[in-house]
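Just so we're aligned, residue 13 is where the sequence shown starts under our numbering, counting upward by one.
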Amino acid sequence: MKPIVRLDLFSPVIATVTATGAVAPTAGLDVSGVSGDWTVFCEVVSQTTGKNFQINLEGSVDGFATRTVHLIAGGAGSIGPTADKVYSVRRYELDAWIIGSVDGKLRCNVTELDTGSSLQMRAWVQYASAL
């Protein structure tokens, strides 16, 4: 059986977001070595009650000068640690993607976040290692 590999997009693992834009690290996570049947996960750990959010996955092979965008999560609070929400997308659900491509990078971009909102999230890529 192949071991499962998990690559976290953020460091620290849970990011707190209070404004729209690419979530640090904005240069993205190197996903060029990922192969096989992968899944990208986005967990919203908490969100301010009554506030809206939208999170996109962005993939690029040129430092995000051009990018491929895929909506992964969206909605409204209240989300808390005891009732978090996990969204995922598997390889077969995307027409073309950057994961496994030479120079492939992946990042999250919060494209909608209501004023006065605080969003805690984590994201990762999971796949079976070729070992």
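Here a beta-carbon is modelled for each residue, glycine too, at the ideal position from N, C-alpha and C.
Because the structure is a prediction, the values reported are computed rather than measured.
- Approximately 5 Å separates the beta-carbon atoms of residue 118 and residue 43; this is inside 8 Å, confirming the contact.
- Within 10 angstroms of the beta-carbon of residue 70 lie 16 or more other beta-carbons, which makes it buried.
- Shortest Cα-Cα distance from residue 47 to any of 134, 103, 129 and 26 involves 103.
- Going by DSSP, residue 29 is part of the beta strand (DSSP E) stretching over 27 to 29.
- Rounded to whole angstroms, the gap between the alpha carbons of residue 50 and residue 108 is 13 Å.
- When the five nearest sequence neighbours on each side are left out, the beta carbons in the same chain lying within less than 8 Å of the beta carbon of residue 60 are those of 89, 90, 126, 128, 129, 130 and 131, in order along the chain.
- Minimum Cα-Cα distance from residue 96 among the listed residues 32, 22, 76 and 134 corresponds to 134.
- DSSP places residue 103 within a helical segment (H, G or I) once states are collapsed to three.
- Within the same chain, Cβ atoms closer than 7 Å to the Cβ of residue 82 are found at 68, 69, 101 and 106, the five residues on either side in sequence being excluded.
- When secondary structure is reduced to three states using DSSP, residue 94 falls in the coil class, being assigned neither helix nor strand.
- Annotated as proximal: residue 32 and residue 122, with beta-carbon spacing under 7 Å.
- Cβ atoms of residue 73 and residue 114 come within 8 Å of each other, at about 7 Å.
- The shortest C-alpha to C-alpha distance from residue 86 to any of 66, 79 and 94 is the one to 66.
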